[in-house]
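Structure first, then comments.
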Amino acid sequence: MKSGGSAGDGSFRILVLVVASALPALFLAYLIVLAVRSSSSVIKFGLEFLIGTSWDPPKDIFGALPMIYGSVVTSAIALLIGVPISIGVAVFLSEVAPRRTRSAVGFVVEMLAAVPSVVYGLWGIFILTPFLRVEIYPFLQEYLGFLPIFQGTIYGFSVLTAGLILSIMIIPIVSSISRDALRAVPDSQREALYALGATRGEVIWTAVLSNARAGVVAAIFLGFGRAFGETMAVTMLIGNTAQISSSLFAPGYTLASLIANQYSEAIAPDYISAIVEIGLVLLLVSVVANLLGRLIVRRFVATKRFQTT
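Sequential numbering from 40 applies to the sequence shown in this note's numbering.
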């Protein structure tokens, strides 16, 4: 019985090791394939590929800076709008809402995460974009037009519209993870402050959010990764123009939307290699963002442990 159990444990350990090694191996395979397929573009265009502002395949000119700019700006808009709403939803579900309301709202939030991105894109085309173009953008331009970001021609399909749809798309992810982080805070932390006469708001701010900040930061970075790599909804709403404009009303491009739009059209070897390099840049930025998020979370956890010792 003992030898049989040891053999079974050994087989299970090997199986778990193989399964655990599959994901790093798969990521490494992605990285190698992208690096190899983009090598000719990297060698030929060098740093100019990342800092160039012109994307003109017929002339064999490839500059990815407009796409990098579009990806960063739309993701920043998504975080600026989506994160406060997500944290508010998480606090409501974790600390404020009655049990029945909590279950109903939580179900709706989780259901939104399962909606395909193309559905968000269609809703953006037929509902959101006309509303923004007619009602919201003229209002912003009238009262905030002295700012460069709200100047220029209003097209509807723009960087701002793409950022808004991304903010809606990241809310389910950020709010769900933040809610779980808030629920993980021990009740003793809340009870201690209530015993000292703190209000509910003070308890939430001082005890709950402070102790759950590592999980909230992790949720924010996951939301950034979702927004930065989103393809279909952004492709349908951003306008798909490779330019850098100070106006948020102007159309733009992202790394992911360029791949979706142009990969099927690419025939020339340099063109294909340049698009694959766009994918490599997208992958590396996502990896760096996740690593940065892990470092910040570790720093928060280490600081909290130091304060409690």
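For each residue, glycine too, the CB sits at the ideal point set by N, CA and C.
None of these values were measured; they are calculated from a predicted model.
So who's on the other strand from residue i, going by DSSP bridges?
{"i": "G278", "result": "G291"}
{"i": "W94", "result": "F101"}
When you compare the CB positions of residue i and residue j, do they come within less than 8 Å of one another, or not?
{"i": "G8", "j": "P169", "result": "Lying outside 40 to 348, the shown extent of the chain, residue 8 is not represented and no answer is given."}
{"i": "A103", "j": "S214", "result": "no"}
{"i": "R229", "j": "A246", "result": "yes"}
{"i": "F263", "j": "L118", "result": "yes"}
{"i": "V336", "j": "A253", "result": "yes"}
{"i": "N279", "j": "N250", "result": "no"}
{"i": "Y310", "j": "P96", "result": "yes"}
{"i": "I188", "j": "S286", "result": "yes"}
{"i": "S78", "j": "F88", "result": "no"}
{"i": "I100", "j": "S93", "result": "yes"}
Tell me whether residue i is buried or exposed, calling it buried when 16 or more other Cβ atoms sit within 10 Å of its Cβ.
{"i": "M150", "result": "exposed"}
{"i": "Y176", "result": "buried"}
{"i": "T293", "result": "buried"}
{"i": "G240", "result": "exposed"}
{"i": "T238", "result": "exposed"}
{"i": "S227", "result": "exposed"}
{"i": "S296", "result": "buried"}
{"i": "L86", "result": "exposed"}
{"i": "V148", "result": "buried"}
{"i": "F146", "result": "exposed"}
{"i": "L186", "result": "exposed"}
{"i": "V55", "result": "exposed"}
{"i": "G236", "result": "exposed"}
{"i": "G160", "result": "buried"}
{"i": "E134", "result": "buried"}
{"i": "V320", "result": "buried"}
{"i": "G163", "result": "buried"}
Compute the beta-carbon to beta-carbon distance between residue i and residue j, rounded to the nearest angstrom, for a pair I have assumed lies under 8 Å.
{"i": "V255", "j": "I116", "result": "Contact flag wrong, Cβ pair sits at about 20 Å."}
{"i": "S206", "j": "G121", "result": "4 Å"}
{"i": "I216", "j": "L261", "result": "6 Å"}
{"i": "V242", "j": "Y233", "result": "6 Å"}
{"i": "Y108", "j": "L322", "result": "Not a contact, Cβ separation roughly 18 Å."}
Q: Could you tell me whether the region 63-75 touches the region 314-321, using the rule of 3 or more Cβ pairs below 8 Å?
A: Look at the beta carbons and you see the region 63-75 touching the region 314-321: at least three pairs across the two are nearer than 8 Å.
Q: Specify whether the region 271-286 and the region 147-161 touch according to this definition: at least 3 beta carbon pairs, one from each stretch, less than 8 Å apart.
A: With a cut-off of 8 Å, the region 147-161 and the region 271-286 count as touching, because enough Cβ pairs lie within range.
Q) Hey, is the region 100-114 in contact with the region 195-214, meaning 3+ C-beta pairs nearer than 8 Å? A) Under the 8 Å Cβ criterion, the region 100-114 counts as touching the region 195-214, having at least three qualifying pairs.
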